[in-house]
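Student:
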Amino acid sequence: MSSVALQPVSEPAIPRERLPRHVAIIMDGNGRWAAAQGLPRLFGHRAGVPAVRAVIHEASRLGLEAVTLYSFSSENWKRPAEEVNGLMSLCAEHLLAERAELVQNGIRFRAIGRLDELPDSVQRELRATEEATSRSTGTTMVLALNYGARGEIVDAVRRIARAAACGELDAEAIDERTIDSHLYTAGLPDPDLLIRTAGEMRVSNYLLWQISYAELHVTDVLWPDFSVADFHAALRDFAGRRRRFGGLDGAAAAPAAPPSSR
Numbered sequence: 000m001s002s003v004a005l006q007p008v009s010e011p012a013i014p015r016e017r018l019p020r021h022v023a024i025i026m027d028g029n030g031r032w033a034a035a036q037g038l039p040r041l042f043g044h045r046a047g048v049p050a051v052r053a054v055i056h057e058a059s060r061l062g063l064e065a066v067t068l069y070s071f072s073s074e075n076w077k078r079p080a081e082e083v084n085g086l087m088s089l090c091a092e093h094l095l096a097e098r099a100e101l102v103q104n105g106i107r108f109r110a111i112g113r114l115d116e117l118p119d120s121v122q123r124e125l126r127a128t129e130e131a132t133s134r135s136t137g138t139t140m141v142l143a144l145n146y147g148a149r150g151e152i153v154d155a156v157r158r159i160a161r162a163a164a165c166g167e168l169d170a171e172a173i174d175e176r177t178i179d180s181h182l183y184t185a186g187l188p189d190p191d192l193l194i195r196t197a198g199e200m201r202v203s204n205y206l207l208w209q210i211s212y213a214e215l216h217v218t219d220v221l222w223p224d225f226s227v228a229d230f231h232a233a234l235r236d237f238a239g240r241r242r243r244f245g246g247l248d249g250a251a252a253a254p255a256a257p258p259s260s261r
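When you number the sequence shown by numbering that gives the first Met the number 0, it's gap-free, plus one each residue, and the end is 261.
#1: Relative to the C-alpha of Arg176, which residue among Gly166, Ile194, Pro188 is closest?
#2: Does DSSP put Met140 in a helix, in a strand, or in coil?
#3: Is DSSP giving Leu221 helix, strand or coil here?
#4: Does the region 29-47 come into contact with the region 97-109, if we say contact requires no fewer than three beta-carbon pairs (one atom in each stretch) closer than 8 Å?
#5: From the DSSP output, in three-state form, read off Glu64 for me.
#6: Quick check on Ile159: does DSSP put it in helix, strand or coil?
#7: If I'm right that Leu142 touches Leu68 with Cβ under 8 Å, what's the distance once you round it to whole angstroms?
#8: Looking at Ala148 and the ligand GTP, is the gap between the Cβ and the nearest heavy atom below 6 Å?
#9: How long is the line joining the alpha carbons of Ser260 and His181, rounded to whole angstroms?
#10: Name the residue from Trp76, Ala232, Val227, Glu199 whose alpha carbon lies nearest to the alpha carbon of Arg52.
#11: Taking the C-alpha atoms as reference points, what is the distance between Ala46 and Pro19?
#12: Spell out the partners DSSP gives Glu214 in its beta bridges.
#13: So who's on the other strand from Phe71, going by DSSP bridges?
#14: What are the start and end residues of each continuous beta strand (DSSP E) run of 3 or more residues lying completely inside the region 77-152, in chain order?
#15: What are the boundary residues of the alpha helix (DSSP H) that includes Gly22?
#16: Count the other CB atoms, across all protein chains shown, that sit within 10 Å of the CB of Ala170; report buried if there are 16 or more and exposed otherwise.
#17: Is Ala12 near Phe225, with beta carbons less than 7 Å apart?
#18: Comparing alpha-carbon positions, which option in Trp222, Asp191, His231, Ala233 lies nearest Phe244?
#19: Using the C-alpha atoms, what's the distance from Arg17 back to Arg242?
#20: Smallest Cα separation from Thr196: which of Ala96, Arg149, Trp222, Thr128?
#21: Using the Cα positions of Ala58 and Ser211, report the straight-line distance between them to the nearest angstrom.
#22: Could you please give the first and the last residue of the uninterrupted alpha helix (DSSP H) stretch that includes Val227?
#23: Taking only the alpha-carbon atoms, compute the straight-line gap between Phe71 and Tyr183 and give it to the nearest angstrom.
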């Protein structure tokens with residue numbers, strides 16, 4: 000959260016009530032950005048860090064409740080070991096480097112995914128950053144690490160099944176809220192807006208349960224080039240949508256919480 004790329008451009012000119020509470024982002028295009036520069040893929044991941052800083056800073060300034068970033072999927076272990084190891088080192092390095100600034104800006108940090116499978120050094124920095132920001136009351140920055148939505152749902156079902164087997168939960172009483180409360184994202188509102196960079200038209204096993212009612216915004220901009228102006232464009236796109244949640248036009252002209260939102 001250094002001063003690099005943190006200055007906002009123009010105001011997004013959106014009424015506060017039409018801003019999303021929670022924005023989820025698939026940060027795609029780092030590898031393509033690096034290839035276009037004739038550089039190894041890891042340089043693209045490093046080049047994407049200022050975009051993270053800029054978006055989180057602007058989300059905080061605008062008073063958004065949460066931003067969830069798809070940082071490393073459970074499928075990304077299939078990538079070359081050099082890239083994976085570099086990503087893990089980059090993650091630990093920047094958690095340490097940005098911690099004090101997160102605290103200073105009142106940003107609460109949270110990580111989701113199968114975190115116990117990450118390297119010890121990454122787990123240590125994740126815990127330290129969560130603890131350091133635990134009293135922050137501003138925007139929640141969520142990193143999805145070793146994350147896959149199907150795996151998240153499997154983990155939730157296992158926890159629910161164990162509770163039912165122990166008699167702590169009546170199987171007939173299980174509903175959507177029960178599942179919500181056992182997901183990694185328990186306590187957060189569902190994303191209102193999903194942004195995907197680099198022009199890819201898929202959700203890539205990301206927050207499948209939570210984005211049921213999310214508006215989608217896809218941009219051709221590669222993540223390292225994603226700016227505050229691009230973020231504002233996505234927010235304006237969202238503000239112009241009619242969110243019906245299965246209903247009809249009329250009263251749903253302004254964004255409203257979906258039926259299952261926590």
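Glycine included, each C-beta is placed from N, C-alpha and C at the ideal position.
Tutor: On the basis of the coordinates in this document:
#1: Minimum Cα distance to Arg176 is reached at Pro188.
#2: Strand.
#3: In this structure, DSSP gives Leu221 a state outside helix and strand, which the three-state scheme calls coil.
#4: In this structure the region 29-47 does not touch the region 97-109; the number of beta carbon pairs closer than 8 Å is below three.
#5: Of the three classes helix, strand and coil, the one that applies to Glu64 here is coil, per DSSP.
#6: Reduced to three states, the DSSP call for Ile159 is helix.
#7: Indeed, because the Cβ distance is near 6 Å, the residues count as touching under 8 Å.
#8: The ligand content of the structure shown is nil, which means the ligand GTP is not present either.
#9: Because Ser260 carries a pLDDT of 49, less than 50, the predicted location of this residue cannot be relied on, and no value is offered for it.
#10: Answer by Cα proximity: Val227.
#11: Ala46 and Pro19: Cα-Cα distance of roughly 27 Å.
#12: Bridge pairing for Glu214: Leu192 [DSSP].
#13: DSSP, once it has assigned bridges, lists Leu144 as partnering Phe71.
#14: Listed in chain order, they are 107-111, 139-146.
#15: In the sequence as displayed, the identity of residue 22 is Val instead of Gly. Segment 21-25 is the beta strand (DSSP E) holding Val22; no alpha helix (DSSP H) there.
#16: With a threshold of 16 other beta carbon atoms within 10 Å, Ala170 falls short and is exposed.
#17: Not closer than 7 Å, so no.
#18: For the residues Trp222, Asp191, His231, Ala233, the minimum Cα distance to Phe244 belongs to Asp191.
#19: Each residue's Cα considered, the two are about 11 Å apart.
#20: Nearest option by C-alpha distance: Trp222.
#21: For Ala58 and Ser211, the distance between alpha carbons rounds to 22 Å.
#22: It spans 227-238 - the alpha helix (DSSP H) in which Val227 sits, taken as one unbroken run.
#23: Their backbone Cα atoms lie some 15 Å apart in a straight line.
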